[in-house]
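K.L.:
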Amino acid sequence: MRLPHANSRTVSTPPPATDPAQPGPSTPAAPAPRKKRRWKRIALIATIAFVLLAVITRIQFARATRGLDSRPNPTSTYEEALKRFEAFVGPEPESALLPECRSILLDHGTKRPRVAVLLHGLTNCPQQFRELATRLHADGWNVLVPLLPRHGRADRLSENLTPMKAEEMRELSDTAVDIATGLGEEVVVAGLSAGGVAAAWIAQNRPEVSRSVLIAPALGFIPTKGRRLNELFFFLLPLLPDIKTDRFAVDPNAPTHTYPGFSSRSLGQLLRLSGATLDAASKRPPAVQSVALLTSEQDTAVNRVMAWQLISLWRMKGVRILDTYDFPKSEGVQHDMIDPAQTYAKTPLVYPVVLGLMGASDPDLPASR
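The structure is reproduced here in structure tokens:
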């Protein structure tokens, strides 16, 4: 065995210096630049897709609201109004309708100082407003309660609503006002839910009307503060399979003059009319310069925020007279606050407010609050 020389030294080689910029064996490696670039590309693609979706939705929204401009043809005499009403109700075979759901005209045989147009809600029919119409008539008004398109059928099938178009709602709204101008010097419109959307459209477009009262208008259904999601909703609804809620959710206590459910496509068409109204309201003042909004905190069927946004648009555009009333949640007033046949009806509480907003007096009811 060879031993080292006495004078020899063992020289140890020091370990190479560690570069602080390089990770040590116990330090996790930093993400590779390639991985960072991949995430940037994903974020960019997502942003572009979101912008494109917003642009496409807006373009489709503009297309969907075409054809919903007013086409007025008002009557001027009582006789002309009667002929127009007969022509309006004529095409519908009586056997196809529930007797209580035919359009209602309560008149005094002549043109009166005031006429009321009452527009019922989705799945309901003129029977919904019959009691209120009777009270207005007793107060000296002529009263028109037209049947909305595709409603009131004797078979009570929700699929009747599937073909409903926003253009039909626009035509119904125009026709109702056209008839009313021959029935009264002052035209007051009030509508609930879908009828509230029609009343809003009328307020935006028909200067012949003196006052328009929106009652729980169904301007949107998604509980959000923004309009864009509701616009996307009505863009998608016509493309999706039609959903008829009477196949899985039926209210056994619903009045027998209503449909037991609704069609999802009819909601999409209703939102088209809503979108056209909101879009016009953002650009110009309403044609009707006296409007009112009645809502309830207990109402979960529609997006109340959308209604208040419309009111804000009208206020910014300088509407002269604007009245609002919101039933507090403690009073338990639900969406259909008009039909006395609803099991939850609170018409003794609601009717005075409605009549007050319409400018009516009713000796059988307490004073409006």
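Position in the sequence shown (from 1) plus 1 gives the number in the working numbering. Note that the Cβ used here is the ideal one computed from N, Cα and C, for glycine as well.
Along the chain, which unbroken stretches of the alpha helix (DSSP H) at least 4 residues long are found entirely within the stretch 250–294?
P.N.:
With a minimum length of 4 residues, the continuous alpha helix (DSSP H) runs that stay inside the stretch 250–294 are 265–282.
K.L.:
Tell me which residue opens and which closes the alpha helix (DSSP H) that G91 is part of.
P.N.:
First-last for G91: undefined, no H or E at that position.
K.L.:
With a Cβ-Cβ cutoff of 8 Å, do L173 and A199 count as a contact?
P.N.:
Yes, they are a contact pair.
K.L.:
Less than 8 Å between the beta carbons of F89 and T176, yes or no?
P.N.:
Result yes, Cβ atoms of F89 and T176 sit closer than 8 Å.
K.L.:
Just the Cα atoms here: how many angstroms apart are M359 and I43?
P.N.:
C-alpha separation (whole angstroms): 56 Å.
K.L.:
If you reduce the DSSP assignment to three classes, tell me which class G192 lands in.
P.N.:
If DSSP states are grouped into helix, strand and coil, G192 belongs with the strands.
K.L.:
Does the beta-carbon of S362 have 16 or more other beta-carbons within 10 angstroms, so that it is buried, or is it exposed?
P.N.:
Exposed: under 16 other Cβ atoms inside 10 Å.
K.L.:
Which of helix, strand or coil does DSSP assign to I322?
P.N.:
Looking at I322 - three-state DSSP - the assignment turns out to be strand.
K.L.:
Apart from the five residues on each side of it in sequence, which residues of its chain come closer than 7 Å, Cβ to Cβ, to L268?
P.N.:
So the qualifying residues of the chain are F222, L238.
K.L.:
Roughly how many angstroms lie between the CA atoms of R131 and A117, to the nearest whole one?
P.N.:
About 12 Å.
K.L.:
Tell me the rounded alpha-carbon separation between Q205 and A282.
P.N.:
Those two C-alpha atoms are separated by around 7 Å.
K.L.:
Contact defined as beta carbons within less than 8 Å: I believe K245 pairs with E298. What is the distance between those atoms, to the nearest angstrom?
P.N.:
About 30 Å; that fails the 8 Å criterion.
K.L.:
Under three-state DSSP, which class holds A97?
P.N.:
Reduced to three states, the DSSP call for A97 is helix.
K.L.:
Let me know if N304 comes out buried or exposed under the rule of 16 or more other beta-carbons within 10 Å of its beta-carbon.
P.N.:
By the 10 Å Cβ count, N304 comes out buried.
K.L.:
Terminal residues of the continuous beta strand (DSSP E) containing P114?
P.N.:
P114 -> beta strand (DSSP E) spans 113–120.
K.L.:
May I ask you to report which of helix, strand or coil DSSP gives G153?
P.N.:
If DSSP states are grouped into helix, strand and coil, G153 belongs with coil.
K.L.:
Rounded to the nearest angstrom, what separates H152 and I49 at their Cα positions?
P.N.:
Those two C-alpha atoms are separated by around 43 Å.
K.L.:
Which stretch, first to last residue, makes up the beta strand (DSSP E) that contains I216?
P.N.:
Taken as a continuous stretch (DSSP letters only), the beta strand (DSSP E) holding I216 covers 210–216.
K.L.:
According to DSSP, simplified to helix, strand and coil, what is K245?
P.N.:
Reduced to three states, the DSSP call for K245 is strand.
K.L.:
Shortest alpha-carbon distance to L274 belongs to which of F86, L295, A195, P286?
P.N.:
If we check each option's Cα against that of L274, A195 comes out closest.
K.L.:
Would V178 pass as a contact of V144 if the rule is Cβ separation under 8 Å?
P.N.:
Going by C-beta atoms, V178 is not nearer than 8 Å to V144.
K.L.:
Between the stretch 87–106 and the stretch 306–325, do at least 3 Cβ pairs fall closer than 8 Å?
P.N.:
No, the stretch 87–106 does not touch the stretch 306–325.
K.L.:
Is the Cβ-Cβ distance between R266 and G185 less than 8 Å?
P.N.:
No; because the gap between Cβ atoms is not below 8 Å, this pair is not in contact.
K.L.:
Could you pull the start and end residues of the alpha helix (DSSP H) that L356 belongs to?
P.N.:
Looking at the DSSP string, the run of the alpha helix (DSSP H) that includes L356 is 348–359.
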